[in-house]
Structure formats: C-alpha cells, structure tokens
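Protein chains in written order, with our numbering: chain A, 1 to 213; chain Y, 1001 to 1115. Where is the CB? At the ideal position from N, CA and C, for every residue including glycine. A short write-up of the structure that comes next.
Spelled out as structure tokens, the structure:
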C-alpha cells in the first residue's frame, strides 16, 4: 500500500467504521481508474471525487463531512487546497469538467455560501470547463477563495486555443454556435458578479467572481 | 455523453412503441447550457417521433440558476414529480393527444445522470 493510501485510510478511520473504509477506497479507486498500491499525488483529486458521494451517505452532519474532505484534500497537497489556497484543475477530459465543478462547489460550502449560490458557481465552472475542453482541447480551471475583504470565489479558466474571433457577437447573445458556446458565456456573465474575458489567437482567459452577499 | 443518451432514448422509443418520454432530473444537481440543450434536443427528437416529453424533478437551486441564466423552457412540459409526469402522459394518451394513435400507457423511462 502506498504511503498516500495509508494517509487517506488514517483520516477516513476517524469518520467511518473500519471495515467500510477499505471498501469505499477500493470501489472509488476502480471508478477513478487509479491504483491504490501506487497512488500518486495527482490521483487524489479524481479519487476524492469518486468517494465524495459515498462518504456523504455515511458522514454527517455537513460540517463533519466538510472537515473530513478538507483533511483528505490536504493529503493531495497540490490540487485540493484548504480555504486559503487556490485549487487548480487540469481540464483534459469530460471527467475533469465534473471534478472542477464539484471542487468549486465544495469551496463554496467551505466559504458558507448559502441558498443557490454553490449551484450557480458550479454551473459556471461547468460552462467554462466545457468551453475549454470543447474548443481548445485542454486547459485549466483555477478556483480561488477570496477571504480578504469581501468574501467570495474567483474562477479563472485558461486555455491556449485559437481564441474567440467574434467575441462581441457571442456576448451579445445573438450568436449560437452549433454546440452552444454562445449560450454558455452569456449565461456565465449573467450568473456572476464580475466577468472578464481576454481572448487572442494565442488563447483565452475568462475570470469571474461571485461574492457571498 | 448526450449523443449516447439520444441513441438510447430513440432506440427505446422505437422498440417499445412508447407513448411518452419522461426526463427525471431529480438526481441531476447541475444543469448547464449543455444539459439544457440536451433536454431540448431529446424533447425535439421525441416530438419528431410522435412522443410527448415531460420533464420532472428539477431541484430548487437548479431552477433558480436556470432562471438567472436566462434559459427558456419553450415547449417543454414540466411537473414536480415522476408520478405526476406519468399521470400527464397517461391523460394525453387517453385523450388521443400527440402521437397516441393507439393509446397505450406511457412506458419509456430513461434515466440520465450528469453528476
């Protein structure tokens, strides 16, 4: 068993009855297609994504669940930072879109975003990550909690694709691409408190923010 | 993912001679423009095939988000629960509504999840 798997098991043992821990890790690992015996730091994020839902069934209340996830993510180091850090998700597949939006939602919960805010933020991350994947093939999503001053969350989507040639038309809402990108950016703008986009033939960066109040 | 769902749904409608299509979104916690488009496409495909589509189980936070995004429902029937969706389709079939030349109970239920 890899040292990282050992660390995950130690944390999970604090929240779950012993026999379940192994089962949850094994089924999560097979769904995430990672090897528990040779677990690497970059495997942690997809693995946590898979076991997250199962954990929610066993660990309550929500505050305890958050604490558990925070401790698990801290083991990953790079990707899953606690509230003060930025989380970076590489977007290279459909599955990464799901990872990105679920990490963004977790971050919202940690920041005590109420009502429909976590859903709005997760939806925006979904839109941005899908644009990155569909039009540039790959890129990354940064999720940054804002804790000095107004509490909020900043999402940055970066890719090195060909850029958006008809940005004005897209943002006006009149343009509909075959795959619906126009809708995605317009929806993103409407859902967020601030929206900024820089695009050129060398790539596109979208920066959005949503505040708690 | 959506292409696969469209194939599955059309095959089942065809195979079962279904009188209705229910899209139960109670297990879906994010509906972005891609998923919205998928819902419209599925309903459109159903309509071309002569089958009425009912969407049910949209979560409160998802509904709030969709309205803020400016998403439209154009031509899509929505109800709160699966039971009501079945009732709506059964009534439509009984009244000989769209696609119900030979009234039969609705039976196509395809589960989709986009978590």
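Any C-beta of chain Y under 8 Å from that of residue i
i: residue 86 of chain A; result: no
i: residue 215 of chain A; result: Here chain A comprises residues numbered 1 to 213, so residue 215 of chain A is not present and cannot be evaluated.
i: residue 78 of chain A; result: Caution is warranted here: a pLDDT of 43 is assigned to residue 78 of chain A, below 50, making its placement in the model unreliable, and no coordinate value can be reported.
i: residue 10 of chain A; result: no
i: residue 92 of chain A; result: no
i: residue 130 of chain A; result: yes
i: residue 101 of chain A; result: yes
Min CB distance residue i to chain A below 8 Å
i: residue 1069 of chain Y; result: yes
i: residue 1064 of chain Y; result: yes
i: residue 1003 of chain Y; result: no
Identity of the residue in the options nearest residue i by Cα
i: residue 1087 of chain Y; options: Y:1074, Y:1020 and Y:1005; result: Y:1020
i: residue 1130 of chain Y; options: Y:1027, Y:1080 and Y:1049; result: What the structure shows of chain Y is the stretch from 1001 to 1115, and residue 1130 of chain Y is not part of that stretch, so it cannot be assessed.
i: residue 31 of chain A; options: A:171, A:187, A:48 and A:209; result: A:48
i: residue 203 of chain A; options: A:193, A:195 and A:131; result: A:131
i: residue 146 of chain A; options: A:90, A:11 and A:208; result: A:208
i: residue 1057 of chain Y; options: Y:1044, Y:1045 and Y:1078; result: Y:1078
i: residue 139 of chain A; options: A:171, A:165, A:97 and A:149; result: A:97
i: residue 1003 of chain Y; options: Y:1034, Y:1030 and Y:1076; result: Y:1034
i: residue 1040 of chain Y; options: Y:1062, Y:1055, Y:1094 and Y:1014; result: Y:1055
i: residue 2 of chain A; options: A:167, A:25, A:93 and A:100; result: A:25
i: residue 99 of chain A; options: A:85, A:114, A:166 and A:73; result: A:73
i: residue 56 of chain A; options: A:46, A:45 and A:68; result: A:68
i: residue 63 of chain A; options: A:50, A:112, A:187 and A:21; result: A:112
i: residue 1009 of chain Y; options: Y:1036, Y:1066, Y:1044 and Y:1031; result: Y:1044
i: residue 1030 of chain Y; options: Y:1063, Y:1007, Y:1014 and Y:1082; result: Y:1063
i: residue 14 of chain A; options: A:192, A:52, A:206 and A:65; result: A:65
i: residue 115 of chain A; options: Y:1083, Y:1089 and Y:1060; result: Y:1060
i: residue 165 of chain A; options: A:135, A:188 and A:156; result: A:135
i: residue 88 of chain A; options: A:37, A:94 and A:103; result: A:103
i: residue 92 of chain A; options: A:52, A:53 and A:46; result: A:46
i: residue 167 of chain A; options: A:206, A:153 and A:16; result: A:206
i: residue 41 of chain A; options: A:75, A:58, A:11 and A:128; result: A:75
Residues that residue i bridges to, as DSSP identifies them
i: residue 144 of chain A; result: A:154
i: residue 195 of chain A; result: A:208
i: residue 1065 of chain Y; result: DSSP lists no partner for residue 1065 of chain Y.
i: residue 1056 of chain Y; result: Y:1024 and Y:1079
i: residue 139 of chain A; result: A:91 and A:159
i: residue 200 of chain A; result: A:203
> Are the region 158 to 178 of chain A and the region 113 to 124 of chain A in contact at 8 Å, needing three or more beta carbon pairs?
Replying inline: With a cut-off of 8 Å, the region 113 to 124 of chain A and the region 158 to 178 of chain A do not count as touching, because too few Cβ pairs lie within range.
>> So if I threshold CB-CB distances at 9 Å, which residues from the region 1030 to 1045 of chain Y count as touching chain A?
In response: For chain A, the residues of the region 1030 to 1045 of chain Y that bring a beta carbon within less than 9 Å of one of its beta carbons are 1030, 1031, 1032, 1033, 1034, 1035, 1036 and 1037, in chain order.
> Per the contact definition of three or more C-beta pairs closer than 8 Å, is the region 100 to 114 of chain A in contact with the region 1042 to 1057 of chain Y?
Replying inline: Not touching, per the Cβ criterion.
> Taking Cβ-Cβ distances below 9 Å as the criterion, which residues of the region 1046 to 1063 of chain Y are in contact with chain A?
Replying inline: From the region 1046 to 1063 of chain Y, only 1059, 1060, 1061, 1062 and 1063 have a Cβ closer than 9 Å to chain A.
> When Cβ atoms are compared, which residues of the region 182 to 193 of chain A fall closer than 8 Å to chain Y?
Replying inline: Going along the region 182 to 193 of chain A in chain order, one finds 183, 184, 186, 187, 190 and 191 with a Cβ nearer than 8 Å to chain Y.
> Taking any Cβ of chain Y, which residues in the region 122 to 149 of chain A have a Cβ under 7 Å from it, in chain order?
Replying inline: Result list: 122, 123, 126, 127 and 130.
>> Is it the case that the region 194 to 203 of chain A contacts the region 1021 to 1028 of chain Y, given that we only count it when at least three CB pairs across the two stretches are under 8 Å?
In response: Taking 8 Å as the limit for Cβ pairs, the verdict is that the region 194 to 203 of chain A does not touch the region 1021 to 1028 of chain Y.
>> So if I threshold CB-CB distances at 9 Å, which residues from the region 103 to 117 of chain A count as touching chain Y?
In response: Contact residues of the region 103 to 117 of chain A toward chain Y are 105, 115, 116 and 117 (C-beta to C-beta distance below 9 Å).
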